[in-house]
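Take a look at the structure below.
The structure is reproduced here in structure tokens:
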């Protein structure tokens with residue numbers, strides 16, 4: 201699969217998001233899927249993808265700690281587009297052991313424990329679904345965070361050994377919201393309360409004016425640490441420090 205990367209980048213790298221999704225879904229069929237956290241970018245991609253293929257695969261990692269507003273957005277989106285998400289949850293035995301040993305709010309104790317929580321609640325379920333894919337689609341944008349400035353539209357995910365599409369990599373925040381308005385796409389109501397990036401409820405807060413878009417995620421950590429581990433470059437997390 202990695203051998204195809206140069207050819208795919210050369211052929212499709214400059215395609216606008218809808219055309220890129222159309223070509224790649226035609227090429228990979230059931231071996232391509234969108235990872236949705238129900239954020240604004242993922243709602244844009246959901247609208248685009250289901251317009252191309254109403255049976256497209258879209259999956260959600262239900263950590264068990266998502267905000268109620270996120271669950272409401274799942275319901276609203278399913279009603280709007282008449283489809284069903286693939287839902288992946290943590291292994292119950294591993295989650296029980298984690299909470300038994302460290303407590304339910306271990307993520308506040310240290311980066312290591314926070315990453316361990318992400319590993320059980322998000323990364324292991326992600327690995328299960330990625331094992332069924334050749335390509336995964338994400339809503340990553342370069343503008344979102346210092347850890348994402350090198351994001352490419354089409355790249356190789358060395359850690360998971362598959363292609364990764366980031367069709368909105370070059371989009372601005374305004375372009376995302378213009379699309380949502382123009383197409384009347386349902387979105388998470390927390391966005392209207394200054395939550396530009398939404399993860400698990402205990403690890404997400406609203407941001408103040410002038411703060412980074414992901415300042416509300418794991419706000420007690422340094423900006424270069426604010427990833428859960430889902431997104432890698434060259435087999436490791438991209439760590440880009442602010443200058």
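In our numbering, the protein residues as written are 201 to 443. Every residue, glycine too, gets a C-beta built ideally from N, C-alpha and C. The model shown is predicted, which means the values in this text are computed figures rather than measured ones.
query                                                                                                  : result
Cβ-based burial, residue 367 [other Cβ within 10 Å; buried from 16]                                    : buried
Residue 357 burial status per 10 Å Cβ neighbour count (16 or more: buried)                             : buried
Residue 357, DSSP secondary structure in three states                                                  : strand
Terminal residues of the alpha helix (DSSP H) in which residue 377 lies                                : 373 to 383
Min CB distance residue 281 to chain C below 8 Å                                                       : Included in the structure is just one protein chain, with no chain C present.
Supposed contact pair residue 365 and residue 330 - C-beta distance, whole angstroms, cut 8 Å          : At roughly 13 Å, the Cβ-Cβ gap does not stay under 8 Å, so residue 330 and residue 365 are not in contact.
Collapsed DSSP secondary structure at residue 404 in the structure displayed                           : strand
Counterpart residues of residue 152 in DSSP-defined beta bridges                                       : Not covered by the structure: residue 152. The range shown for the chain is 201 to 443.
CB contact flag (residue 273, residue 370, <8 Å)                                                       : no
Residue 417, DSSP secondary structure in three states                                                  : strand
Endpoints, alpha helix (DSSP H) assigned at residue 329                                                : 324 to 330
Sheet register partners of residue 363 (DSSP bridge)                                                   : 335 and 356
Of the residues 285, 224, 212 and 349, the one placed nearest residue 242, counting alpha carbons only : 285
Nearest-angstrom beta carbon gap, residue 258 and residue 234 [assumed within contact, 8 Å]            : 5 Å
Uninterrupted beta strand (DSSP E) stretches inside the region 291 to 328 (no shorter than 3 residues) : none
Residues bridged to residue 233 (per DSSP)                                                             : 257 and 336
Residue 216 burial status per 10 Å Cβ neighbour count (16 or more: buried)                             : exposed
C-beta contact flag for residue 490 and residue 404 at 8 Å                                             : Residue coverage of the chain in this structure runs from 201 to 443, which leaves residue 490 outside it and unanswerable.
Proximity to residue 290 [Cα-Cα], best of 395, 265, 246 and 353                                        : 265
Helix, strand or coil at residue 241 according to DSSP, with G and I counted as helix                  : helix
Assigned secondary structure, residue 265 (DSSP; H/G/I helix, E/B strand, else coil)                   : coil
Inter-residue Cα distance where the pair is residue 409 and residue 395                                : 11 Å
Start-to-end residues for the alpha helix (DSSP H) that takes in residue 389                           : Premise fails: residue 389 is in no alpha helix (DSSP H) and is neither H nor E.
Top-ranked residue by Cα proximity to residue 333, from 341, 229 and 204                               : 229
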